[in-house]
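Asks: Could you have a look at this structure, given as structure tokens, before my questions?
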Amino acid sequence: MKHRRCVFGGVLVLAALTLACLFAALRPPSRLDRLRESGYVFAPTLAERAPAPRAVVTLCVGNFTTRPGSHPLAIDDDFCLQALVQTFIHLHGNNDARIQSGLGVEFAVLVAPDTPLLCQRALLNLGARLIHAPLIQPPLSEMRNRWGYTFTKLRLWDLEGVYDAILFVDSDLVFFSTSPAALFSYIDEAKKTGSRTPFVGGVIGQQTGHVNSGLILLEPHRAHFNALVAGIPHHLGFGDQRVINAYFSLEGDRALTPLPPYWNILSPNLITKYEEKRWPLYGFHHKFWSMEPAVPASDRYYERYAETVTALRRWQMKQLDTGTYDMLPIAPVYPKEFQVWKRVRVVRTKFDRVAILSLSGPGRESQAANRMAVANAWSQASLITLHQDDEDISLQELIHHTFTELFPRYDWVWIVHPALNLSLSEEPIHLAIESWTRRQPNAILCLLTSDCNQQTTMASFLVHKNIADLLAGKDVKNVTMHELLRLATDRRVIIDGVSSKGCGWEYIVQ
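So the sequence shown is residues 0 to 509, counted in numbering that gives the first Met the number 0.
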């Protein structure tokens, strides 16, 4: 009898499992299942970090290229750099510009399959969620244009079931002082009226009379997504913007809500003082890295953009200092003056990571302050201090610390003589390094610097991480300056000296 009960119970369990599998097979796939089957991938996954109800999203797609001679970890690509700038602004920018906690809003980047892995890792390190989406490829005639990759933006409407609402911002639409997350309130107001129509809003261009798709506020809706994609072959000529304007209108079932123009200012290089007083200026839609300021007022906006990129680089360099950044791409050094940036932009050294190694301890307070001021002003150097006790730290100890602790996190380590007082320069040190190493870009591994006022005294030296290859197999604890000089001379590495004290970056041939 007991045996029969066990058999009967087993049959019931088997029947229950069979019914469960049958119902699971008959159950229609969820929206998330459909997205996975369509090729969408989220990082972190939605299970690892549940999505917020709303998201500010930017786009990182394009014809990614690496310029010849680029730094091996360079983000020498406008698409990736701008996505990093956007992520930094919305998650780490000043208190007014970044997304505030508690709003139920996250920041995400829509990335294409060919987005470089290093770029993706850098975005994740900043805290962005990555949405890997299949590329929407229009007819070949559109792919030849700069907007050929922007059709993938239409996939935002396909994210129904992941987000309740999305605010899309182009990667070149930047916000310096106010978070655009405030725009979600337009959806809230629309819902108060009882509207059941999926919300779509944007800024109407004053000259064109059409919506500029650089800023779109929307509620994801798959039916809209399917219709937009179907309309691509019929509305060619200006990327996704023409498709969106053809599908939505200011009236009817697909009505688009106009948003205030100051959220998407299309020509910040032409802003006048009258316009600055007329309304608040929040979003600046401009390629600050390539378009020269046209009027004095726009110089200020370029400076704010340069300060933003500099703040991003400083944040990344700080991660290097603490050893938590793990060799990810770092933003280029970014001067405040556009004319200086034009020179920096074309040099291969603009991504180089420079650390100033300085002694700390009793009696060294003024030197440490001097090094800190230089590191902060250039925003390309990190200040690394090595504590000094009663006895002076030997050169061998400095070299050992450099090789064991600072390489390969930094490309250059500037070991500064304790008596040397660094003077601030209006130009980043990267321009000087470029000029010093231009003749032998792959060979210059050690720059010896001498005091301008005392030409016979060696003040400090700037060492490139690849010098470790010359010292392979040697005990760096016992390496001397003479050995560095001998290695440099033997390998035709460096014969020149560089002046630092009292005369800026004057070049001295010895």
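All C-beta atoms, glycine included, are put in the ideal place defined by N, C-alpha and C.
(1) For a test of your reading of the model: does the CB of G126 fall under 7 Å from any non-hydrogen atom of the ligand MG? Yes or no.
(2) Would you kindly report the start and end of the unbroken alpha helix (DSSP H) that includes L80?
(3) Taking the beta strand (DSSP E) that H233 belongs to, which residues open and close that run?
(4) Pairing CB atoms from the region 309-316 with CB atoms from the region 199-206, are three or more of them under 8 Å?
(5) Are there 16 or more other CB atoms within 10 angstroms of the CB of F283, so buried, or fewer, so exposed?
(6) Does DSSP put W288 in a helix, a strand or coil?
(7) Is L116 buried or exposed, if buried means 16 or more other CB atoms sit within 10 Å of its CB?
(8) Can you name, in chain order, every residue of its own chain whose Cβ lies under 6 Å from the Cβ of V412, other than the five neighbours on each side?
(9) Would you report the Cα separation of P292 and D298, rounded to the nearest angstrom?
(10) Is DSSP giving F22 helix, strand or coil here?
(11) Is L514 helix, strand or coil when you go by DSSP?
(12) If you drop the 5 nearest sequence neighbours on each side, which residues of the same chain put their C-beta closer than 7 Å to that of Y304?
(13) Considering only DSSP beta bridges, list what F283 is partnered with.
(14) Please classify I215: does DSSP put it in a helix, a strand, or coil?
(15) Assuming the contact rule is C-beta atoms closer than 8 Å, L153 and D239 should be a hit. Round their C-beta distance to whole Å, please.
(16) Please work out which residues of its chain come closer than 7 Å, Cβ to Cβ, to H429, disregarding the five sequence neighbours upstream and downstream, and give them in chain order.
(17) Look at the alpha carbon of P107 and the alpha carbon of L319, and state the distance between them as a whole number of angstroms.
(18) Would you mind working out which of M290, N375, S100, T309 sits nearest Q338, comparing C-alpha positions?
(19) Distance, Cα to Cα, S170 vs L129?
(20) If you draw a straight line from the C-alpha of T321 to the C-alpha of T403, how long is it?
(21) With a threshold of 8 Å on Cβ separation, who are the neighbours of L90 within its own chain once the five nearest residues in sequence on each side are excluded?
Replies: Let me spell this out:
(1) This structure lacks the ligand MG; in fact it carries no ligand of any kind.
(2) In the sequence shown, the residue the question calls residue 80 occupies position 81. Note, L80: alpha helix (DSSP H), 77-91.
(3) Locating residue 233 in the sequence shown gives position 234, counting from the first residue. That residue, H233, is in no beta strand (DSSP E); it is neither H nor E in DSSP.
(4) no
(5) Here residue 283 refers to the residue found at position 284 of the sequence shown. Its Cβ being crowded by 16 or more others within 10 Å, F283 is buried.
(6) On the sequence shown, position 289 is the one that residue 288 refers to. It is coil, neither helix nor strand.
(7) Residue mapping note: residue 116 aligns to position 117 of the sequence shown, counting from 1. Counting Cβ neighbours within 10 Å, L116 comes out exposed, since fewer than 16 surround it.
(8) Within the sequence shown, numbered from 1, the residue matching residue 412 stands at position 413. Within the same chain, V412 has close Cβ partners A354, L356, T401, L405, V462.
(9) Here residue 292 corresponds to residue number 293 of the sequence shown, with the count starting at 1. Here residue 298 corresponds to residue number 299 of the sequence shown, with the count starting at 1. The alpha-carbon atoms of P292 and D298 are separated by roughly 6 Å.
(10) On the sequence shown, position 23 is the one that residue 22 refers to. Unreliable placement is indicated for F22, whose pLDDT of 43 sits below 50; no coordinate value is reported for it.
(11) The structure shown has nothing for residue 514, since the chain only spans 0 to 509.
(12) Within the sequence shown, the letter at position 305 stands for residue 304. Excluding sequence neighbours, Y304 sits near V173, F287.
(13) Position 284 of the sequence shown, counted from the first residue, corresponds to residue 283. DSSP lists V173, I264 as partners of F283.
(14) Looking up residue 215 in the sequence shown gives position 216. Correct three-state label for I215: strand.
(15) Counted from its first residue, the sequence shown places residue 153 at position 154. Counted from its first residue, the sequence shown places residue 239 at position 240. Right, their Cβ atoms sit about 6 Å apart.
(16) Counting from 1 along the sequence shown, the entry for residue 429 is found at position 430. Excluding sequence neighbours, H429 sits near V332, V343, V346, T348, K349, D351, Q379.
(17) Translated into the one-based positions of the sequence shown, residue 107 becomes position 108. Translated into the one-based positions of the sequence shown, residue 319 becomes position 320. According to the sequence as given, residue 107 is Ala; it is not Pro. Distance between the alpha carbons of A107 and L319: 24 Å.
(18) For this step, residue 338 is matched to residue 339 along the sequence shown. Out of M290, N375, S100, T309, M290 has the C-alpha closest to the C-alpha of Q338.
(19) Position 171 of the sequence shown, counted from the first residue, corresponds to residue 170. Position 130 of the sequence shown, counted from the first residue, corresponds to residue 129. For S170 and L129, the distance between alpha carbons rounds to 14 Å.
(20) Taking the first residue of the sequence shown as 1, we reach residue 321 at position 322. Taking the first residue of the sequence shown as 1, we reach residue 403 at position 404. Answer to the nearest angstrom: the Cα atoms are 15 Å apart.
(21) Here residue 90 corresponds to residue number 91 of the sequence shown, with the count starting at 1. Closer than 8 Å at the Cβ level, and outside the excluded window around L90, lie R97, I98, F106, L125, G126, A127.
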